[in-house]
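Novice: After the structure tokens below, expect a handful of questions from me.
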Ligand code: ADQ
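In our numbering, the protein residues as written are 493 to 967.
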């Protein structure tokens, strides 16, 4: 039997597939794991559980046949060129993404983008209905697919449907701006279980349901009239902690870390930033803060390097192009003013790296700088804690990352407060070894104990038991 005919009892549905296509010079095609937080988190879950992953393969106007990958089935969903523009770059990434991140960039509202969003959500729901076996568990992911739970329930009431939002669910005042707010709430309510990164997200959602729909809300439960009960709760996501730790301690990664230090001329301290190049990640503020510390002589470029890697992201969306230009300019200006010896004060790489290189970077970072203006969780902070050897390291973390709720021993910053951030950066770099160790020990324990398997098990177990309750009551 081919992959196309296989039905699955566990289905993950996400905008993008877990794999990216790579075309070699000789024209041969292979697939490699895609970068980004959602895939980093869910790929190990799929490898362990098997099933099907429904998602777009990343190119427009092209149909790709289903295939097997690492023990699960890849089920590609096609998108046309205009759908990529309107559903993906438009409604998902220029309307919902900024709006759900505190409007740190201005969200645009266009009716034709919404129409494309509805069409594509319908297609994802149809594909999922086709590949899910009777009574299957379906786990829909993220803001690109907010309508899928309801659409899918209409087609397949036998399914157990979970939905997880990887980005923040915004405060009521912001969400209410959406012209299609009611449709989106009803779309999400099609799920048996709605998961958010932090409890505040679930309570924002429930408050909106209470005020904007007719459904009855009792604590964390919504009684969807004539249908089912939808529960909304927080499930803070994590990483494959043991997998990252093992990778970081492999001889290859240790050698790569040494080579990196050689290349940098063995500075006394390495500050590190790792992000998708996204305006929510607070890169402008971070680069300015580090630049001022160099310019004011508080950090000596002979001793200290700030290494920033930024994965290219959403490059066809205007805001992202502007951000890229701004960072290029800013880094260039700072480096021309505060030249280091043999290497610049800020080493900036605008590219994606293999996971082993990421692990090597985390190994050599004395101060990890994670300063988003708003972030659902932020896995980079957790990856650093899993990968950095020993207890002599420091995590500087924005209070506006979901991770700040769990990683309380980090050096916390408000990224909007440049002077405050500069003080904390210096404090983290110069704190006593005893304090740094005490904080790192607690942080590392947190990440070691809260793994991605535990996160997935908790969500899927709850989905199994919660989904059954209303049916038993109705019997
Ligand atoms: P993202 O916004 O993508 O995720 P994050 O959680 O930090 O943010 O994950 C980024 C991932 O990309 C990490 O696994 C990191 O290692 C990887 N990465 C970053 N730069 C890279 C580079 N140059 N080369 C290779 N890999 C790189 C979204 C939400 C987050 C949430 C996750 C998971 O915005 O808030 O934590 O989903 O739910």
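C-beta: ideal position from N, C-alpha, C; glycine also. Bear in mind that the values here come from a model prediction, so they are computed numbers and not experimental data.
Quick one: using the 10 Å Cβ neighbour count with 16 as the cut-off for buried, is residue 573 buried or exposed?
Specialist: exposed
Novice: How about residue 907 and residue 871: do their beta carbons lie closer than 7 Å?
Specialist: no
Novice: Hey, could you find the ends of the beta strand (DSSP E) residue 765 is sitting in?
Specialist: 761–768
Novice: Where does the unbroken alpha helix (DSSP H) through residue 507 begin, and where does it stop?
Specialist: Unbroken run through residue 507 is the beta strand (DSSP E), 500–508; no alpha helix (DSSP H).
Novice: Tell me whether residue 568 is buried or exposed, calling it buried when 16 or more other Cβ atoms sit within 10 Å of its Cβ.
Specialist: buried
Novice: Can a CB atom of chain B be found closer than 7 Å to the CB of residue 774?
Specialist: No chain B is part of this structure, which consists of one protein chain only.
Novice: For the stretch 720–739 and the stretch 674–684, state whether three or more C-beta atom pairs, one from each stretch, are separated by less than 8 Å.
Specialist: yes
Novice: Might you give, ordered along the chain, the residues of its own chain that have their beta carbon closer than 7 Å to the beta carbon of residue 925, omitting 5 neighbours on each side?
Specialist: 884
Novice: Please find out if some non-hydrogen atom of ligand 1 comes closer than 6 Å to the beta-carbon of residue 659.
Specialist: yes
Novice: So what's residue 718 in DSSP terms, helix, strand or just coil?
Specialist: coil
Novice: Note down, one range per segment and in chain order, each beta strand (DSSP E) of at least 3 residues found wholly within the stretch 596–663.
Specialist: 624–633, 652–656
Novice: Take residue 949 as the anchor and find which of 527, 627, 540, 521 has the nearest alpha-carbon.
Specialist: 540
Novice: What is the DSSP secondary structure of residue 519, counted as helix, strand or coil?
Specialist: coil
Novice: Are residue 659 and residue 641 close, meaning C-beta to C-beta below 7 Å?
Specialist: no
Novice: What do you get for residue 706, buried or exposed, if any count of 16 or more other CB atoms within 10 angstroms of its CB means buried?
Specialist: Residue 706 is exposed by the Cβ-count criterion.
Novice: Just the C-alpha distance for residue 499 and residue 913, rounded to the nearest angstrom, thanks.
Specialist: 52 Å
Novice: In the DSSP assignment, find the beta strand (DSSP E) that holds residue 560 and state where it starts and stops.
Specialist: 559–561
Novice: Hey, which unbroken runs of the beta strand (DSSP E) at 3 residues or more fall wholly within the stretch 785–811?
Specialist: 796–803
Novice: In this structure, how does DSSP classify residue 869 when only helix, strand and coil are distinguished?
Specialist: DSSP places residue 869 in coil when its eight states are reduced to three.
Novice: Pick from 614, 600, 575: whose alpha carbon is nearest that of residue 587?
Specialist: 600
Novice: Taking Cβ to Cβ, would you say residue 840 is nearer than 7 Å to residue 777?
Specialist: no
Novice: Hey, how far is the Cα of residue 474 from the Cα of residue 752?
Specialist: Lying outside 493 to 967, the shown extent of the chain, residue 474 is not represented and no answer is given.
Novice: Verify whether the separation of the beta carbon atoms of residue 898 and residue 728 is less than 7 Å.
Specialist: yes
Novice: What residue does the beta strand (DSSP E) around residue 886 start on, and which one ends it?
Specialist: 886–890
Novice: So does residue 768 have its beta carbon nearer than 6 Å to some heavy atom of ligand 1?
Specialist: yes
Novice: Taking the straight line between their C-alpha atoms, what separation do you get for residue 745 and residue 575?
Specialist: 41 Å
Novice: For residue 952, which residues in the same chain have their Cβ closer than 6 Å to its Cβ, ignoring the five residues on either side in sequence?
Specialist: none
Novice: Quick one: is residue 669 buried, meaning 16 or more other Cβ sit within 10 Å of its Cβ, or exposed?
Specialist: Classification of residue 669: exposed, given that the 10 Å Cβ count is below 16.
Novice: Quick check on DSSP: helix, strand or coil for residue 856?
Specialist: helix
Novice: When you compare each of 805, 755, 764, 955 to residue 772 by their alpha carbons, which one comes out closest?
Specialist: Of 805, 755, 764, 955, the residue nearest in Cα terms is 805.
Novice: For residue 558 and residue 510, what's the separation of their Cα atoms in angstroms?
Specialist: 13 Å
Novice: Using C-beta distances below 8 Å, list every residue in its chain close to residue 966, excluding the 5 sequence neighbours before and after it, in chain order.
Specialist: Because the pLDDT of residue 966 is 39, which lies under 50, any placement of that residue in the model is unreliable, and the number read from its coordinates should be weighed accordingly. Closer than 8 Å at Cβ, skipping near neighbours: no residue.
Novice: What's the C-alpha gap between residue 503 and residue 955?
Specialist: 13 Å
Novice: Pick from 894, 645, 692: whose alpha carbon is nearest that of residue 678?
Specialist: 645
Novice: Going by other Cβ atoms of all chains shown within 10 Å of its Cβ, with 16 needed for buried, is residue 931 buried or exposed?
Specialist: With 16 or more Cβ atoms within 10 Å of its Cβ, residue 931 is classed as buried.
Novice: Just to confirm the assignment, what range does the alpha helix (DSSP H) spanning residue 935 have?
Specialist: Residue 935 -> alpha helix (DSSP H) spans 925–941.
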